[in-house]
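Scroll down for the structure; my scribbles are underneath it.
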Amino acid sequence: MYRVLIVDDELHVVDWVYELLQELDGCELDLYKASTVTAALAMLNRNRMDIVVSDIAMPGMNGLELHARIRELWPSCKVMFLTGHSDFDYAYEAVKNEAAGYVLKTEDDDAIVGAVKRVINTLELELEQRMELQQAQQQAQSAMSALRNDYILALLRGEGSTPQDRRQLFAETGIALDPELPLLVIAARADNGGREQLSAMKGPTLPALGSYVLQSLKERWELCEYVATVDCVIWLCQSERDVTLPISVQTYLKESLERIQNDFNLNLGAMFSFIYAITPAEWDRVAAKREELWQQLLHATMYRSGVLLQEREATRSDELLVTRIVFERSKLELLRGYLDKGEAKSFMLVLEELEHEVGKRTLEVRESGTLELFQSLSMLLLSCMNRHRLESLQSDEEVLDKLTQLSRFGSWEEYFRFVEEIASMIFRLFGERYELQGSATIRFVKEYMRSTLHAGFSLVELADQVHFNPSYLSRLFKESTGVSITDYLAELRLARAIELLKENYKVSEIAAAVGIEAPAYFSRFFKKMTKRTPQEYREQWLLSEGHEKSKR
């Protein structure tokens, strides 16, 4: 559906065009009328319009001046002039100001209807082009977007950072935000029906939504970024200067997001719900603000879809609860990452920070927040034990009982000492497994190199045999043996070459047997390793062997 505003100081003209467009086939239009420029501007200040059909010569402000104001308010709105003036200067000014059409009132009804249809076709074409462009840009920037996503998500989880840290990371990842200015937060989620549509669709629908909304936001905010997760998108907006907007922030957001909702529902069949903050948040409050908005949006969309919400003011108790949730979730996310990566020192530091904050509260066995934290932290350890098949812990009934029964602990301190103990055991088992796996891998690699020495192989081919990254295999081999793979291969070749020189093989045959195609290169390799050519080495060995025989 397109919103159309008809503006003319002659009421009979307004009614005439209104009736014409009401009868327009194949187009769903929401029609509005205004007989003065003042009334038209009042409507435009409250509502977004897709098309404005306006007279040019009107009292107070002419149509060209109104067009300029419309471009300030709603840049994507198309303005078509319907006028009784055939003056060339009017037509020239209209075209110069990018008017969508210029039709004389003296023309017949079909000409006017046809002009409006052309404007509608232009809007539909522009929408298709914008959608295609956003998807193409999204695909081209997917790698960088993933990196930016990860960092913005870390900020939204409450992971602390200084303005200096943010400035450096923003520069490295191309994040278009100021590390010190406050941010306006907007969130969207795919509704229940929308999630079913998304799962059936091909293509990056959520990132496309993020990028599409970003273009609208940039009409009002110089600095904007978004982050897309499984079923939601978060936008962060900043202004480098105080801007006096011709319409309020709330009105602009409400009207723009409503249009975007309709566009995505119409073109992709996906329904999204939005919520937006009305005041910017400082960096240290962004994670809490996001959580507040998200909770409000979840409650509002439990039984409804296509919701568009403005944030409600949070109470002090709400703020305290959200701050606690954000802190605990951010620490749990860090602990999960450090545990999986085997970073024991970092894990213990974050665990200490969590205990310091949680330890201020009494351990209440029947309190829901206490149970949630206990189960989240215990599940983190249990999940790790299961995924990595740590059988000694999986089969320990005492460990399992304590991980599943909060009543086994008399205080948070007692519980955190237990978590620390289990985490230490996990890290120790990781270390033992790493050493065993490393030893087995190195034995396999050495045997493979000896058995295929004649065939020759590259580091990449060798790494493929053990399903490792070549650089990782190279580093592991050096750490385990004290020599590089290249040096070890050279020693293998030399040892085998010496064996064959003693058996009177030709130099070309020996070169092929140790995986070197060119005999000349083999001779240079051998001399580099022994300071003698293959022939010199053989002759010296024969002399030495003959001397030994004469002694006997």
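If you read the sequence shown in the working numbering, its first letter stands for residue 419, the second for the next number, and so on.
Even glycine gets a Cβ: it sits at the ideal position worked out from N, Cα and C.
These numbers come from a predicted model, not from an experiment.
Could you have a look at Trp653 and say whether DSSP puts it in helix, strand or coil?
Start at 1 with the first residue of the sequence shown, and residue 653 comes out as number 235. If DSSP states are grouped into helix, strand and coil, Trp653 belongs with the strands.
Thinking C-alpha only, which one of Ile469, Gly444, Cys445 is nearest Lys418?
The first residue shown for the chain is 419 and the last is 970, placing residue 418 beyond what the model contains.
For Gly628, does the three-state DSSP call read helix, strand or coil?
For this step, residue 628 is matched to residue 210 along the sequence shown. Of the three classes helix, strand and coil, the one that applies to Gly628 here is helix, per DSSP.
Could you compute how far the alpha carbon of Glu761 sits from the alpha carbon of Leu877?
Walking along the sequence shown from the start, residue 761 turns up at place 343. Walking along the sequence shown from the start, residue 877 turns up at place 459. Glu761 and Leu877: Cα-Cα distance of roughly 28 Å.
So, with DSSP's three-state summary, where would you put Tyr923?
The residue you call residue 923 lines up with position 505 of the sequence shown. Here Tyr923 sits in coil by DSSP.
Among Cys495, Arg638, Phe690, Leu654, nearest to Val667 - alpha-carbon criterion
Here residue 667 refers to the residue found at position 249 when the sequence shown is read from its first residue. Among Cys495, Arg638, Phe690, Leu654, the Cα nearest to that of Val667 is on Arg638.
Can you tell which of Ile860, Val768, Thr780 has its C-alpha closest to the C-alpha of Leu795?
As a first step, residue 795 must be located in the sequence shown, where it is residue number 377. Here the closest residue by C-alpha is Val768.
Return helix, strand or coil for Leu663, following the three-state DSSP convention.
Looking up residue 663 in the sequence shown gives position 245. Legend: pLDDT at Leu663 = 45, less than 50; position of this residue unreliable, value from coordinates given subsequently. Coil.
For Ile903 and Ala929, I'd like the C-alpha separation in whole angstroms.
Against the sequence shown, residue 903 aligns to sequence position 485. Against the sequence shown, residue 929 aligns to sequence position 511. One C-alpha to the other measures close to 19 Å.
Mind checking Trp959: buried by the 16 CB within 10 Å criterion, or exposed?
Indexing the sequence shown from 1 puts residue 959 at position 541. Here Trp959 is exposed, its C-beta having fewer than 16 other C-beta atoms within 10 Å.
From this set, Asn685, Gly592, Asp528, Asp583, which residue's C-alpha is nearest Leu543's C-alpha?
Residue mapping note: residue 543 aligns to position 125 of the sequence shown, counting from 1. Among Asn685, Gly592, Asp528, Asp583, the Cα nearest to that of Leu543 belongs to Asn685.
Sub-8 Å separation of Val603 and Ala699 beta-carbons
For this step, residue 603 is matched to residue 185 along the sequence shown. For this step, residue 699 is matched to residue 281 along the sequence shown. Ala699 is positioned such that its CB atom lies closer than 8 Å to that of Val603.
Would you give the residue range spanned by the alpha helix (DSSP H) that Phe692 belongs to?
To locate residue 692, count along the sequence shown from 1; it is residue 274. Run containing Phe692: none in the alpha helix (DSSP H); it sits in the beta strand (DSSP E), 690-694.
Minimum Cβ-Cβ distance from Phe792 to chain C less than 8 Å:
Looking at the structure shown, chain C is missing, and only one protein chain is on hand.
Three-pair Cβ contact test at 8 Å for the stretch 693-709 versus the stretch 587-596:
no
Is the stretch 516-527 touching the stretch 562-579 in the sense that three or more CB pairs, one from each, lie closer than 8 Å?
no
Per the contact definition of three or more C-beta pairs closer than 8 Å, is the stretch 455-474 in contact with the stretch 423-434?
Enough Cβ pairs lie closer than 8 Å, so yes.
CA-CA distance, Ser453 and Leu459?
Here the question's residue 453 lines up with position 35 in the sequence shown. Here the question's residue 459 lines up with position 41 in the sequence shown. Approximately 11 Å, taken between the alpha carbons.
Ignore the nearest five residues each way along the sequence and tell me which others in Val740's own chain have a CB closer than 6 Å to its CB.
In the sequence shown, the residue the question calls residue 740 occupies position 322. Result list for Val740: Ala706, Glu709, Glu710, in chain order.
Closest by CA to Glu408, which one among Cys655, Cys650, Glu927?
Look at the range of the chain in this structure, 419 to 970, and you will see that residue 408 is not part of it.
Starting from Val901, trace the alpha helix (DSSP H) both ways and give me its first and last residue.
By one-based count along the sequence shown, residue 901 stands at place 483. Per DSSP, Val901 belongs to no alpha helix (DSSP H) and is neither H nor E.
Local Cβ density within 10 Å of Asp609, reported as buried at 16 or more and exposed below that
Here residue 609 refers to the residue found at position 191 when the sequence shown is read from its first residue. That one is buried.
Spatial neighbours of Ser674 within its chain, please: C-beta separation below 6 Å, excluding the five flanking residues on both sides.
Reading the sequence shown from its first residue, position 256 is the one you call residue 674. Excluding positions up to five away in sequence, the list reads Ser634.
On the CB-based measure, 16 or more other CB atoms within 10 Å of its CB, does Ser748 come out buried or exposed?
Numbered from 1 along the sequence shown, position 330 holds the residue referred to as residue 748. Buried: at least 16 other Cβ atoms inside 10 Å.
Can you have a look at Asp660 and say buried or exposed, based on whether 16 or more other CB atoms are within 10 angstroms of its CB?
Within the sequence shown, residue 660 is the residue found at index 242, counting from 1. A caution first: Asp660 carries a pLDDT of 47, below 50, which makes its placement in the model too unreliable to give a value.
Neighbourhood of Val884 by C-beta, 6 Å cutoff - its chain only, sequence neighbours within 5 removed:
Mapped onto the sequence shown, residue 884 falls at position 466. Closer than 6 Å at Cβ, skipping near neighbours: Thr859.
Compare the beta carbon distance of Glu446 and Met419 with 8 Å and say whether it is the shorter of the two.
By 1-based counting over the sequence shown, the position of residue 446 is 28. By 1-based counting over the sequence shown, the position of residue 419 is 1. For the pair Glu446 and Met419, the CB atoms are nearer than the 8 Å cut-off.
Reduced DSSP secondary structure (H/G/I, E/B, other) of Arg754
Along the sequence shown, one-based indexing puts residue 754 at 336. Helix at Arg754.
With a cut-off of 8 Å on the beta carbons, I'd call Val817 and Leu811 a contact; round off their distance for me.
Translated into the one-based positions of the sequence shown, residue 817 becomes position 399. Translated into the one-based positions of the sequence shown, residue 811 becomes position 393. Correct: roughly 6 Å between the Cβ atoms.
I need the DSSP call for Met386, collapsed to helix, strand or coil.
Because the chain spans 419 through 970 in this model, residue 386 falls outside it and cannot be assessed.
Should the stretch 839-846 be regarded as contacting the stretch 886-904, the criterion being three or more beta carbon pairs within less than 8 Å?
no
Quick one: residues in its chain with C-beta nearer than 7 Å to the C-beta of Arg464, no 5 flanking neighbours on either side, listed in chain order?
Position 46 of the sequence shown, counting from 1, holds the residue named residue 464. Beyond the five residues adjoining it in sequence on each side, Arg464 comes within less than 7 Å, by CB distance, of Thr669 in the same chain, given in chain order.
What's the call for Lys672, buried or exposed, on a 16-neighbour Cβ count within 10 Å?
Position 254 of the sequence shown, counting from 1, holds the residue named residue 672. Around the beta carbon of Lys672, 16 or more other beta carbons sit within 10 angstroms, so the residue counts as buried.
Can you say whether Pro952 is buried or exposed, counting buried as having 16 or more other CB atoms within 10 angstroms of its CB?
Position 534 of the sequence shown, counting from 1, holds the residue named residue 952. Buried, because 16 or more other Cβ atoms sit within 10 Å of the Cβ of Pro952.
With which residues is Met797 paired in a DSSP beta bridge?
Start at 1 with the first residue of the sequence shown, and residue 797 comes out as number 379. In the DSSP output, where bridge partners are listed per residue, Met797 has none listed.
Can the beta-carbon of Leu360 be found less than 8 Å from the beta-carbon of Leu799?
In this structure the chain extends from 419 to 970, so residue 360 is not present and cannot be described.
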